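Numbering (my numbering), first residue to last: 1049 to 1328.
Reviewing the structure listed below.
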Amino acid sequence: MEQQPVWYVDGRWVHPQEACIPLTDVAILRGYSVFESLRTYDRRPFRLADHLDRLYHSAELIDLAIPYTRQEIRAVLEEIIRRNAFRHASLRILVTGGSSEDGVLPSGKPLLAVMITPLPERDLEAFKRGLRLITCRLQREAPEAKTTNYIAAVRALKEAARRGAADALFVNEQGYVLEGTRSNFFVFRGDTLITPREGILPGVTRTVVLELARDRFAIEERPIALSELSSVDEAFLTASSKEIMPVVQIDDLVVGTGQAGPRTWELEQRFIALVEQGRF
């Protein structure tokens, strides 16, 4: 029988169906909350310090004061991993805005919740197949903050599903590609690795990939014009859950040869080695 996860919600350990927060919380009423998604490998959190830094930075950007220390959140994460026997898992940390008397301005203490779900082993066949994406003229509000306002992402993913694609890329009004709905975007032109720097949520996996690439490829962090995609050799997404995932088609454009490219595969091999050697 499959193990039912145990989650943490505001000081209590509960099963998912018992997890709840007050309807008066502005996280529900106004989408005013921050979260962080990370994963474990062999029950060890990947780049935890980086994820906690981003959580607090996101909160600062939207003027949400987190009343919990990093050590308190670390302790909850350690305990949730101990209580759930998942070898590889996805962890989601949520800090709500707190309850509100007028439905807008928070007056109660922000709540802390942590969720855990099991993850499968790495699927290299999926890597070889790659992803087909669409583009959407959308952009997240406060893109550098990881808030629970995912209206743009939900709209884009619905459109991707209608068009038989796996995901979508956000494109701004100026015609520049920004990021995926839950991921960062990279392209290769020859041995030059290019990724947007502004108007995005800077992912932890994105940072790791740049570190892994720095001694092998030229790196440009700059805007990527939509019109530039026709001349790229490879493209891929990065995210905690996806790691590195090749992109083989964008709208009607076949990227490169239409298969996962050799440079992307080289980065994937470096990423796998980093994980297997525990260098995180």
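A virtual CB, placed ideally from N, CA and C, is assigned to each residue, including glycine.
None of these values were measured; they are calculated from a predicted model.
Sorting Ser-1148, Leu-1205, Ala-1161, Leu-1112 by C-alpha distance to the C-alpha of Arg-1122 places Ala-1161 at the top. Counting C-beta pairs with one atom in each stretch, the region 1049–1062 and the region 1198–1217 have fewer than three that are closer than 8 Å, which means they do not touch.
Annotation: Arg-1091 to Glu-1314 spans about 26 Å, alpha carbon to alpha carbon.
The beta-carbon distance between Arg-1237 and Asp-1281, rounded to whole angstroms, is 6 Å. This is short enough to meet the 8 Å contact definition. Residue environment: Thr-1229 is assigned as buried (16 or more neighbouring CB atoms within 10 Å of its CB, all protein chains considered). Counting the other Cβ atoms within 10 Å of the Cβ of Leu-1153 gives fewer than 16, which makes it exposed.
Boundaries around Leu-1100 are those of the alpha helix (DSSP H), 1096–1109, since no beta strand (DSSP E) includes it. A distance of 8 Å or more separates the beta carbons of Phe-1233 and Leu-1186. Here the C-alpha atom of Leu-1077 lies approximately 10 Å from the C-alpha atom of Gly-1145. Per DSSP, the unbroken alpha helix (DSSP H) holding Arg-1118 starts and ends at 1118–1131. In the displayed model, Ser-1147 falls within a strand according to three-state DSSP.
In the three-state scheme derived from DSSP, where H, G and I count as helix and E and B as strand, Arg-1188 is classed as coil. The alpha-carbon separation between Glu-1149 and Thr-1196 amounts to approximately 21 Å. Looking at the DSSP output, Trp-1061 bridges to Tyr-1056. When C-beta atoms of the region 1236–1250 are compared with those of the region 1201–1210, fewer than three pairs fall below 8 Å, so the two segments do not count as touching. Scanning the region 1247–1294 from its first residue to its last, the whole alpha helix (DSSP H) runs of 4-plus residues come out as 1252–1261. Residue pairing for Gly-1228: DSSP places it in a beta bridge opposite Leu-1217. In the DSSP assignment, Glu-1207 falls within the unbroken alpha helix (DSSP H) covering 1199–1210. Taking all protein chains in view, the Cβ of Pro-1168 is surrounded by fewer than 16 other Cβ atoms within 10 Å, so the residue is classified as exposed.
Less than 8 Å divides the Cβ of Val-1252 from the Cβ of His-1099. Annotation: the continuous beta strand (DSSP E) that includes Arg-1087 extends over 1081–1089. Taking the CA atoms as reference points, Asp-1263 sits about 36 Å from Ala-1200. The beta carbon of Arg-1254 sits closer than 6 Å to the beta carbons of Asn-1232, Thr-1286 from its chain, once the five residues preceding and following it are set aside; these are given in chain order. Contact between Ile-1141 and Leu-1103 holds: their C-beta atoms lie close to 6 Å from each other, under 8 Å.
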